[in-house]
Amino acid sequence: MWIREAFLMFCGLSAGALIAGSFLAFLSMIGVIPRLAALTKSVKYARLYEDCIALGGITGTAVFLYRWQIPLGNFLLLLFGLFGGIFVGCLIGALAEVLKSIPVFSRRIALRKGIALVIYALALGKMLGCYLQFYVFE
């Protein structure tokens, strides 16, 4: 019986390591972390940013899998939501920059002014969709 459990543990840990490695490779490939470090003029801390993202992924996975309760109330939830939103926004911005989708889209619809408003509308739509999903339609 213990051989089966050890095998399942090995398979689960291997799959988790593969997914985490793939995610970090994806982030490295699109250049989110170096780009943010360059924009904020903190290139010397780029390694620390990568470590924090990896640690956040590991911690988030552990909290999700083991259903840990962190009794710090709404303040921690607000802080988590803020940093999670910043991360998702940076990831989406990096993807849009790599794919050059926004300039192509703006040329196709002949949008010359107001591109910032379009980006804000996309972000607000994402925020509203998440709010509806988590708080209204759960």
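Residue numbers (my numbering): 3 to 140. Ideal Cβ placement from N, Cα and C applies to all residues, glycine included.
Within the model, the alpha-carbon separation for Ala123 versus Arg6 is close to 51 Å. By the C-beta criterion, the region 60-69 is judged not to be in contact with the region 87-96, since fewer than 3 inter-stretch pairs fall below 8 Å. Check the Cα spacing between Phe89 and each of Leu38, Gly14, Tyr133, Ala112: the tightest is with Leu38.
When secondary structure is reduced to three states using DSSP, Leu10 falls in the helix class. With at least 16 other beta carbons inside 10 angstroms of its own, Val34 counts as buried. Using a Cβ distance threshold of 8 Å, Leu113 and Val120 count as a contacting pair. Within the region 47-96, the runs of alpha helix (DSSP H) that reach at least 4 residues and sit entirely inside it are, in chain order, 48-68. Rounded to the nearest angstrom, the gap between the Cα atoms of Trp4 and Phe12 is 12 Å.
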